[in-house]
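Start counting the sequence shown at 2; every next residue gets the next number (this note's numbering). All residues carry an ideal CB built from backbone N, CA and C; glycine is no exception. This report refers to the structure that appears directly beneath it.
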Amino acid sequence: MALISYQPFWSAFSGNYLKYDEGPAWGYWFWDTPWAYSLWGSAILLLIAIYVWASVPFGIRFSNLTHRGILTNGPYRYTKHPAYVSKNLSWWMISMPFMVSGSADEALRHSLLLLLVNFIYFMRARTEERHLSWDPDYVAYARYIEQRGLFAFIGRYFPLLRFKPGSLFNTGGQPDRRSQVRPAVSGLATDS
2 MALISYQPFW
12 SAFSGNYLKY
22 DEGPAWGYWF
32 WDTPWAYSLW
42 GSAILLLIAI
52 YVWASVPFGI
62 RFSNLTHRGI
72 LTNGPYRYTK
82 HPAYVSKNLS
92 WWMISMPFMV
102 SGSADEALRH
112 SLLLLLVNFI
122 YFMRARTEER
132 HLSWDPDYVA
142 YARYIEQRGL
152 FAFIGRYFPL
162 LRFKPGSLFN
172 TGGQPDRRSQ
182 VRPAVSGLAT
192 DS
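Here's what the structure looks like:
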């Protein structure tokens with residue numbers, strides 16, 4: 002499922018089946034209210050800046066399909082997937098599928114389609130985590146973020162979504178042998 006979010010699959014799939022952004026863009030709705038236009042536009046720019054901030058440090062080693070090291074600084078100090086989070090939030094703010102549709106049925110359909118896109122990226126992130134969980138440094142980092150990250154509260158309320166090395170979801174049962182690896186790193190919070 003994660004491969005569908007890569008080119009050339011993504012263009013073919015999203016262009017044909019995930020048309021969640023039909024209709025006027027966000028600026029159309031806020032054009033007559035300058036303060037709302039500025040605020041909404043600034044929030045979109047901030048999310049795009051976070052996406053760039055999270056992507057640039059990888060440099061030429063950037064690849065979602067291969068392990069090229071663990072980043073624990075910058076926006077990765079707050080969440081394991083700042084690029085995915087900011088990208089998905091910006092899509093909601095840019096497309097506003099809940100507002101730009103002509104009817105409630107169409108708004109619901111567009112919102113459900115964007116939720117499907119979000120789910121695809123969620124599964125992509127979980128698949129990457131499962132592959133990276135062979136690295137004890139990543140396990141230590143994931144545990145740190147699970148306890149102190151920006152979205153740590155989600156794991157407290159939804160235990161199924163907690164990090165479990167080697168698994169897409171924390172379904173309980175016996176711990177995976179990778180979860181018993183003692184991390185070789187310490188002081189993740191002080192990385193710069």
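What is the residue span of the alpha helix (DSSP H) that residue i lies within?
i    : result
L72  : No alpha helix (DSSP H) holds L72; DSSP gives it neither H nor E.
N119 : A105 to L133
N89  : P83 to S96
A44  : P35 to S56
Y77  : It is not in any alpha helix (DSSP H) - Y77 carries neither H nor E in the DSSP assignment.
W27  : W27 to F31
F154 : A153 to Y158
D138 : P137 to R149
Should residue i and residue j be called a contact, given that it needs their Cβ atoms to be closer than 7 Å?
i    : j    : result
S1   : L48  : It is not possible to answer for residue 1, since the shown part of the chain is limited to 2 through 193.
A143 : F170 : no
L133 : Y79  : no
P58  : L72  : yes
W30  : M100 : yes
Beta carbon of residue i: closer than 6 Å to some heavy atom of the ligand HEM?
i    : result
L133 : The ligand HEM is not part of the structure shown, which contains no ligands of any sort.
Restricting to Cα atoms, I'd like to know which of the options is closest to residue i.
i    : options                : result
P76  : S87, Y38 and R127      : S87
S112 : K81, T172, F31 and M94 : M94
P166 : W27, E130 and R149     : E130
V140 : T34, S39, L46 and G70  : G70
Y147 : A108, D136 and P160    : Sequence check: residue 147 is Glu here, not Tyr. Here the closest residue by C-alpha is P160.
(request) Decide if the region 149-158 is in contact with the region 116-126; the criterion is three or more beta carbon pairs, one per stretch, under 8 Å apart. (result) Touching, no, given that fewer than three Cβ pairs across the two stretches are closer than 8 Å.
(message) With three or more C-beta pairs closer than 8 Å as the rule, is the region 38-58 touching the region 113-120?
(response) The region 113-120, when compared against the region 38-58, does not touch it at the 8 Å Cβ threshold.
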